[in-house]
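In the working numbering, the protein residues as written are 42 to 351.
Yeah, the Cβ is synthetic: ideal placement off N, Cα and C, and Gly gets one too.
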Amino acid sequence: MSLATTPEQAALAASVRGVIDRHGEQAWPHLRTEIGVAGLLVPERFGGLGASLADAAVVLEELGRELTPSAMLGTVVAVSALLATGDEEACARLLPAVAAGSSTLALVLPGAAFVLDGIAAETFLVADGGMLVEVAAADVVRAPVPGFDESRSFASVRCDGVTGGCLGPFDQAAVEAVACAALSAEQVGAAARALDRTVAYSLQRVQFGRPIGAFQALAHRMADLHVLVESATSLAWAAVQEPADATLAAAAKVHCSEAFTTVAGEMIQLHGGIAITWEHDAHRYLRRAYTDARLFGDPDGHVARVWAAM
């Protein structure tokens, strides 16, 4: 199953995949300028494409497959937070450059130890006291934060004594729901690709005169992983269709995190010794899986939200 369920989404996915195939880890600038993916959620009146979160999720799924470094996830979250303030003047001033691929926004959540895409950002949207405040990058002190996953960009950001323009109310629960739904799309893309690579390797690696994928015990393990990925993809699809449903987003975050972490761990086990070499990508999927599981809230907190809603 793929998150691309319409002909238009399938075409978008194919275009994104083509750019990633051509440019690899350097694909993000090309995706911004050639396809305009950063402007998917930006309304047309602000120079964007006026698409839905479900459309942006298709891009995130493709980026997740190859762990392509990008600011897409952070852009989706920051643009959603800005639009939710209802500040038309700020949107008209900030969003056209985002849609054109010439500027990056980063959202600073209350109490956050790090900021996603904080190094690349030209403008910070700082949530403080239930309001969203615009702060120029030149007015903050920021530094890279080394992470377990080197394909993600995090920064520490200090805004001490900074003055900025108040944009409007900030609904943290609503923004985090969008963030979790968007992240789940990226997670299922990565999990599906990790499983595909594992299955392909199991048909190439020979032991006792047979491909290891022909052994029933391993075939059953991979079949179970397939079921897990498909169920996670279904839940991610539901979450991006209803971004206002915080409970559904929390459930997607929990299940997609579990699915991705499980598949990434099995990828290493089923590849054997080659998977623990630096040159192989298996460790990159595991690093991303564990990082994602704790991004936008840890699994226990989201489980508690789901239980509270039942």
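When DSSP labels each residue in this structure, what does residue i get in the three-state scheme?
i	result
A297	According to the sequence displayed, residue 297 carries Cys and not Ala. Helix.
L123	helix
E271	helix
C221	helix
D62	helix
M263	helix
V167	strand
S197	strand
E175	strand
V78	helix
Q248	strand
L157	strand
L150	coil
G209	strand
R335	coil
A277	helix
G48	What sits at residue 48 in the sequence shown is Pro, not Gly. If DSSP states are grouped into helix, strand and coil, P48 belongs with the helices.
A285	coil
V83	coil
V181	coil
A162	coil
D237	helix
M42	coil
M351	coil
W69	helix
D341	helix
E320	coil
V203	coil
G188	coil
For residue i and residue j, which I take to be in contact (beta-carbon distance under 8 Å), what is that distance rounded to the nearest angstrom?
i	j	result
A196	G152	No, A196 and G152 are not in contact; Cβ-Cβ is about 16 Å, not under 8 Å.
G202	V174	Not really, about 13 Å apart at Cβ, beyond 8 Å.
I309	A323	5 Å
S292	L269	Reading off the sequence shown, one finds Ala at residue 292, where the question assumed Ser. Actually they do not touch by this definition, with Cβ atoms about 15 Å apart.
E107	I61	6 Å
V120	L136	7 Å
V363	C297	No answer is possible for residue 363: it lies beyond the span of the chain, which begins at 42 and ends at 351.
S243	L327	In fact, because the Cβ distance is near 18 Å, the residues do not count as touching under 8 Å.
With distance defined between alpha-carbon atoms, name the residue in the options nearest to residue i.
i	options	result
A273	F301, P48 and V83	F301
F189	V216, A330 and D286	A330
A112	S56, E129 and Q67	Q67
L104	E85, L72 and F87	L72
E163	P110, V120, A235 and T145	T145
H267	G59, A184, A231 and A125	A231
E102	E85, M42, A178 and G127	M42
A235	R346, W319, T303 and R246	T303
V99	G88, P340 and V57	V57
T109	E85, I76, G89 and W69	W69
D96	I76, F87 and R251	I76
D333	E227, A241, G313 and A258	E227
E217	A177, V281, H321 and R183	V281
A177	G170, A264, P185 and R134	R134
R238	Q248, H321 and S225	H321
L81	R63, A92 and V219	A92
E85	A316, L124, A54 and G170	L124
D341	A179, G250, L53 and E299	E299
E271	E283, G338, G314 and S225	S225
E307	A260, W319, R335 and G338	A260
Look at the Cβ atom of residue i, then the Cβ atom of residue j, and state whether they are nearer than 8 Å.
i	j	result
C221	M172	no
V181	L166	no
V156	V198	yes
G115	A147	yes
V118	A223	yes
T358	A350	Nothing in the structure corresponds to residue 358, since the chain is present only between 42 and 351.
G142	T47	no
A161	A215	no
A253	R262	Per the sequence shown, the amino acid found at residue 253 is Ile instead of Ala. No, they are not a contact pair.
S192	R325	yes
F211	A122	yes
G65	G127	no
Q213	A154	no
L44	W278	yes
Verify the CB distance criterion: does residue i have a CB-CB separation below 8 Å to chain B?
i	result
L157	Looking at the structure shown, chain B is missing, and only one protein chain is on hand.
### Task
Could you name each continuous alpha helix (DSSP H) segment of 4 residues or more that falls completely within the segment 85-145, going from the start of the chain to the end?
Counting only runs of at least 4 residues, the segment 85-145 fully encloses the following alpha helix (DSSP H) elements, listed from N- to C-terminal order: 94-106, 113-126 and 129-141.
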